[in-house]
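Data block below; observations after.
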Amino acid sequence: MMAWRKFFADGEAAGFGSLPVSRHQTIEKGHGRIETRQALWVTDLFWLDKKLRERWPQLAGIGIIERGREINGAVSVEHAFYNGSKG
Numbered sequence: 002m003m004a005w006r007k008f009f010a011d012g013e014a015a016g017f018g019s020l021p022v023s024r025h026q027t028i029e030k031g032h033g034r035i036e037t038r039q040a041l042w043v044t045d046l047f048w049l050d051k052k053l054r055e056r057w058p059q060l061a062g063i064g065i066i067e068r069g070r071e072i073n074g075a076v077s078v079e080h081a082f083y084n085g086s087k088g
């Protein structure tokens, strides 16, 4: 969803301010490559547009997983976005 992509891009650029963000990162090296994964999860959704909150009343949090891979100097990055619901 574009709102999630923009939120995480803007948040990373600004350091997320005082917004609580859960983070986890792994780095794996082997077989001539380096793989990095970073997961971010946010449950404080006050910033979310009112229309989206009304459309998704059970929304409890949103997340992103960024996967990076470097093989022989060539770098690729993928992003996957997730949302979690209450109950």
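Every number in the working numbering is 1 more than the matching position in the sequence shown, counting from 1.
Glycine included, C-beta positions come from ideal geometry on N, C-alpha and C.
Classified as buried, I63 has 16 or more neighbouring CB atoms from the shown chains inside 10 Å of its CB. If the five residues before and after D45 are omitted, its C-beta is found closer than 7 Å to the C-beta atoms of L20 and P21, all from its own chain and listed in chain order. Assigned with DSSP and collapsed to three states, K87 falls in coil, not helix or strand. For W48, no beta strand (DSSP E) encloses it, and the DSSP letter there is neither H nor E.
Per DSSP, the unbroken beta strand (DSSP E) holding W42 starts and ends at R34 to V43.
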